[in-house]
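Residue numbers (the working numbering): 30 to 195.
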C-alpha cells in the first residue's frame with residue numbers, strides 16, 4: 030500500500046515568472062538556504078533548451094525524527110531529490126524522484142505548472158512506498174505528511190520570492 034501526496038499552490042504571477050521562481054537556479058538555491066534542512070545543497074543543475082534537471086541534497090537531523098523512525102534508522106536522514114522539468118507550449122511538466130538514506134522504498138511525483146485564468150497553478154501528485162513489513166505503512170504516512178509540509182513551505186517561499194502577499 031502506498032501513501033498519496035497531493036498538493037496545489039496558486040500564484041497571481043504569469044507562468045514564466047512562477048517557473049523561474051520554482052526551478053530557476055538562483056531561486057532553488059535561495060529556497061534551499063531558507064528551508065532546505067541540514068547540509069542542503071544543489072548537487073547538479075542543468076538546463077538545455079526546454080529541459081531542466083537538478084538534484085538536491087537535504088538532511089534531517091536525528092533529533093527531528095519521531096521516535097518510531099529513530100528505532101528503525103540510527104542517525105540523520107539524507108534525502109536526494111531529482112527534479113526534471115520540460116516545457117511544452119505554455120505549460121511545464123515535471124517529475125520528482127526522491128530517495129531517503131536507509132529507507133527501502135520509493136517516493137515519486139508528477140508536477141504540472143499551468144495557467145488557469147489569471148492564476149498560475151502548481152500541482153503535485155505522487156506517492157510514497159516503503160518496503161518494510163509491519164511498519165511500512167506507518168512510515169509511508171509519516172513521509173507523505175512531511176513531503177506535503179515541505180511542498181507547502183516551498184510554495185510559501187515561492188510566493189514570497191515572487192513578492193506576493195501572504
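Glycine included, every Cβ here is placed at the ideal spot set by N, Cα and C.
Query	Result
Burial state of residue 33 (16 or more Cβ within 10 Å)	exposed
Secondary structure of residue 105, DSSP reduced to three states	coil
For residue 128, the nearest candidate out of 150, 85, 147, 149 (CA to CA)	85
Element boundaries [alpha helix (DSSP H), containing residue 46]	44 to 52
Backbone CA spacing between residue 93 and residue 131 [nearest angstrom]	16 Å
Sub-8 Å separation of residue 172 and residue 165 beta-carbons	no
Start-end ranges of the beta strand (DSSP E) lying completely within the region 102 to 171, minimum 3 residues	106 to 117, 120 to 129, 134 to 145, 148 to 159
Supposed close pair residue 110, residue 87 - CB separation, criterion 8 Å	7 Å
Segment contact flag, the region 98 to 105 with the region 113 to 125, C-beta cutoff 8 Å, min 3 pairs	no
Own chain, CB closer than 8 Å to residue 179, minus 5 neighbours either side, in chain order	64
Boundaries of the beta strand (DSSP E) in which residue 193 is found, first to last residue	Note, residue 193: premise wrong, no beta strand (DSSP E); not H, not E.
Alpha carbon of residue 57 to alpha carbon of residue 186, nearest angstrom	10 Å
Assigned exposure category for residue 123 - 16 Cβ within 10 Å defines buried	buried
Three-way DSSP call (helix, strand, coil) for residue 32 in this model	strand
In DSSP terms, what residue 73 is bridged to	84
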